[in-house]
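Residue numbers (our numbering), protein chains in the order written: chain U, -10 to 527; chain H, -10 to 527.
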């Protein structure tokens, strides 16, 4: 094994931007020249992943083919001659599986090339179709193996689910064929325990061959590919591990960073990456958000500053007649701590105008304040070309504790997959890790309130967040039934009420902004439940 | 064949409401007693379809099983003794296909029962995974046939995609087994040409056996199941066709209504059904919407009145300083014609307040008016418990010609899958079919305008709607590439610009209200494309 010098081309592609992606790939090929024998890129690195239904389009497939041919031609350059490249890309499919319709017409492929020549192409066999993955919808499965020789070693290729799939029937064939090294391009998005799961998947797939697991880097809509490419020796020992960031990682360097499963640091970096890449890839460089003085907007602001720089972030204080004094003071303190611009726009003029126009008793009177704030923020978004961030956390999005077209308004929701108790945990970790009070302690410590009526507290209408989050973790992330949660010792009435609220808020979530997935079941592209259902309705 | 008297139990189930669904089923069983030998219900009629990821839940599966056992027990009643029932439902699955992960753990089944005994169960073999269908994600494929004898005839069961699938390899086996009648429960949602497509699917599947095609009725989120159950003789001749509405349809009656592919009448009835059932099934009986005097809100109002009654519909005129005189007059006329309540709330007070609070030059000044209207409408929605309807058509949703959290706000979007030129066509048809001016002619004939700045017309920023809709039909509904559209004679610059606008508006659509699907590619659960992509970006 030691004879093959392996490099991971951990690029951050933009879906459909072939000039951009090819440039990154070529740069890494050049960087790797002379230092690496086998250079492995992630799944669909050339066209970007996931493509969604863009994979149905003949123009995407032909543009990918053209870009691939150009890179193969480039590899004929004498200085790249000793490099063998494994590159993921979409390709045209002629046939279908018996079970498939004729909609999908593309393979999820990886081509091996060297010295200007194609050595072979492998098409992904196992097409994940759960959570955020729609591969079975969008691709046609492959049917044959790809083996090649490199420096006297037998090398084979698999793609992502091929080794994750519980059946994984290929592995014995590969072992029988005397494979020494299995090369696996992946499109593996971050979730809290993904680092361990990747290694477990690789180890249980091994049959005496080494595994080079190559992942993508960077954000794509609600997903963040957190790199973490690794090389596992034939004995299941991990020999090398790459970082989260894009770049060329060469396995000669042997130092291993610790696995950071469920660690605040990695989680926070993922949230920063998700926002940075959403903005960068959609051509937006400035954001704004409401600074309420609360913990959600404070953490979101810190993420935005780390993603885009303090100059790019504008905070707006939007006090109403029910706002507490500390909310404005805390918001100002946050802006000072983060070094970003802060403006104050009291909303009472509009509030009075709407009182004059419509009846604002009860809930209507609470919601109108949140909506006036959204109108104000969107006006600034329109006139200054700034992306509005919405600051809702997963707990409130789960139970519908938000105002539609009010605080839920925005183009991106950085912490939508972070439960409230984790918001606090991240805020405390952030202050500790920076060695200073970035997020005001008062914002961390005060009891949560929407401040939409006098003296209002979240605890007036919701259970304690520790309890709520425990129940939500089970109901949503573990997809437990009410009975199953009750069996763990929770009160039935409370669990049923939470479950019922979660279902009733489905229509709100269906109109929610996208935001970074961090858990097994996020409120994003991977959650597909009907709005109209009476199951579990109280 | 004539010996078996067939009935279609075309029920309108609510997802997860077993009491409600079982009651409908039992009612129809009782109605059919003595008149029908074989009573066929639609796909997943007992639990509702589509279930989405609810199919992962053990509690849904056990509740279905319980409801099924109860219905089987009921069928032991002497007066039901001569009835054989085919009923669609979800059921627990033990194994998986090689290609599947372990997430799905249910079959999409149909059980045949009679006289208190189960004759057998069939599990759907071909699981559609395109457009709105996620069956491969949510179900495990079945692996065996179900044949039974009834009055000396051999009867077999297939479910929906089993006969739609292009390969459809079962048909020869069925013919070899001497099948006389194939019974096919379907969950087949309306699209413009679906009636012809259903008959073509059945005919190309036939191998000398008759086909009894049973569909569901009613709306479920963005889908409307438009009934249309039919019996096709062994020679491919259609013998009986049911209507759109829920109920028991007995094939002894031989009269055939004409197929109404792409006819305004059926399309309009589908839109009415979609809204009626969304409201009814989610427990809402009153709606409101802005009456702008334009054609989109006028058609939406007419649909709402037909769905819920004129008493249930509230129109609000929300004139701004840029509103024309005719817009309020036309809105008042519409309310008079429809017999629904109409209130006028000028928005200038709030407009002035926001001018005082923020800079409102250009686009910000246009959008703020649409957003003030949304805040006003949502306040009334909150205080009166009325569902807000949003009135955007498919043309403007396609190119992003709408204000986020403004005119796009609402819980349901009745005409979101109707292109602007079809909005006009439907309005003219509606007036003609009712023999009076329901929708004011002035609303039909005036040039479209958002009226957000002085003298503004849609044609200032969009191509003529006839041209735009022709291009959109190709780009979206036919998923044509720019090159393919240009090859049909359209100007490249224009097609590229439209294509680019469509992509840029993906983030807006990702937050859009659900609404009834009427075409092959709607902006609903069946469209899955990334927000972040630079493909086709100008």
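Glycine residues also receive a C-beta, built at the ideal position from the N, C-alpha and C atoms.
Can you tell which of the options has the C-alpha that lies nearest to the C-alpha of residue i?
i                      : options                       : result
residue 368 of chain U : H:392, H:373 and H:302        : H:392
residue 408 of chain H : H:506, H:-7 and H:77          : H:506
residue 359 of chain H : H:121, H:438, H:276 and H:485 : H:438
residue 394 of chain U : U:499, U:73, U:413 and U:414  : U:499
residue 229 of chain U : U:404, U:-5, U:430 and U:515  : U:-5
residue 138 of chain H : H:26, H:194 and H:283         : H:26
residue 328 of chain U : U:299, U:416 and U:180        : U:299
residue 374 of chain U : U:400, U:263, U:240 and U:350 : U:400
residue 510 of chain U : U:238, U:180 and U:322        : U:180
residue 514 of chain U : U:521, U:502, U:522 and U:524 : U:502
residue 227 of chain U : U:19, U:253, U:236 and U:199  : U:199
residue 54 of chain H  : H:107, H:16 and H:28          : H:107
residue 423 of chain U : U:253, U:335, U:171 and U:160 : U:253
residue 440 of chain H : H:320, H:309 and H:209        : H:309
residue 554 of chain U : U:153, U:156 and U:135        : Since the first residue of chain U shown is -10 and the last is 527, residue 554 of chain U is not available in this structure.
residue 451 of chain U : U:425, U:385, U:128 and U:463 : U:385
residue 465 of chain U : U:115, U:335, U:517 and U:436 : U:517
residue 49 of chain H  : H:434, H:81, H:241 and H:468  : H:81
Determine which residues share a DSSP beta bridge with residue i and list them.
i                      : result
residue 215 of chain U : U:206
residue 229 of chain H : H:220
residue 81 of chain U  : U:95
residue 112 of chain H : H:98
residue 138 of chain U : U:143
residue 73 of chain U  : U:27 and U:103
residue 511 of chain H : Paired residue(s): none; residue 511 of chain H is not in a bridge.
residue 333 of chain H : H:306
residue 172 of chain H : H:146 and H:201
With a cut-off of 8 Å on the beta carbons, I'd call residue i and residue j a contact; round off their distance for me.
i                      : j                      : result
residue 231 of chain U : residue 219 of chain U : 7 Å
residue 376 of chain U : residue 273 of chain U : 5 Å
residue 316 of chain H : residue 282 of chain H : 3 Å
residue 43 of chain H  : residue 33 of chain H  : With 8 Å as the limit, residue 43 of chain H and residue 33 of chain H do not qualify as a contact, their Cβ atoms being about 11 Å apart.
residue 402 of chain H : residue 504 of chain H : 3 Å
residue 371 of chain U : residue 356 of chain H : 6 Å
residue 293 of chain H : residue 280 of chain H : That pair is no contact at about 11 Å.
Should residue i and residue j be called a contact, given that it needs their Cβ atoms to be closer than 8 Å?
i                      : j                      : result
residue 100 of chain H : residue 72 of chain H  : no
residue 528 of chain H : residue 68 of chain H  : This structure cannot settle anything about residue 528 of chain H, because the visible part of chain H is limited to -10 through 527.
residue 216 of chain U : residue 201 of chain U : no
residue 56 of chain H  : residue 35 of chain H  : yes
residue 460 of chain H : residue 484 of chain H : yes
residue 361 of chain H : residue 380 of chain H : no
residue 52 of chain H  : residue 342 of chain U : no
residue 191 of chain H : residue 233 of chain H : no
residue 428 of chain H : residue 288 of chain H : yes
residue 487 of chain U : residue 525 of chain U : no
residue 5 of chain H   : residue 522 of chain U : yes
residue 194 of chain U : residue 90 of chain H  : no
residue -1 of chain H  : residue 236 of chain H : yes
residue 389 of chain U : residue 494 of chain U : yes
residue 31 of chain H  : residue 203 of chain H : yes
Under the criterion of a Cβ to heavy atom distance below 7 Å, does residue i qualify as lining the ligand FAD?
i                      : result
residue 117 of chain H : With respect to the ligand FAD, the structure offers nothing, as it holds no ligand at all.
Name, going along the chain, the residues of the segment 136 to 160 of chain H whose beta-carbon falls closer than 9 Å to a beta-carbon of chain U.
-> Flagged, chain order: 150, 153, 154, 155, 156 and 158.
Near-chain U residues of the segment 496 to 513 of chain H - C-beta to any C-beta below 8 Å | 496, 499, 500, 501, 502 and 503
Positions along the segment 24 to 49 of chain H whose CB lies within less than 8 Å of some CB in chain U = 37, 39, 40, 41, 42, 43, 45, 46, 47, 48 and 49
Proximal residues, the segment 399 to 432 of chain U versus chain H, C-beta separation under 8 Å | 400
Give, in chain order, every residue of the segment 86 to 117 of chain U whose Cβ lies closer than 9 Å to some Cβ of chain H.
-> 86, 87, 88, 89, 90, 91, 92, 93, 114, 115, 116 and 117
Quick one: which residues of the segment 291 to 316 of chain U get their C-beta closer than 7 Å to a C-beta of chain H? List them in chain order.
-> none
Going along the segment 185 to 216 of chain U in order, which residues come within less than 7 Å of chain H, judged by CB to CB distance?
-> 209 and 210
Output, in sequence order along the chain, the residues in the segment 452 to 477 of chain U whose CB is closer than 9 Å to any CB in chain H.
-> 468, 470, 471, 472 and 473
Select from the segment 338 to 361 of chain U all residues with a C-beta closer than 8 Å to any C-beta belonging to chain H, and list them in chain order.
-> 338, 339, 341, 342, 343, 345, 346, 347, 348, 349, 350, 351, 352, 353, 356, 357, 360 and 361
Could you run through the segment 4 to 15 of chain U and flag, in chain order, every residue whose CB is less than 8 Å away from some CB of chain H?
-> 4, 5, 6 and 9
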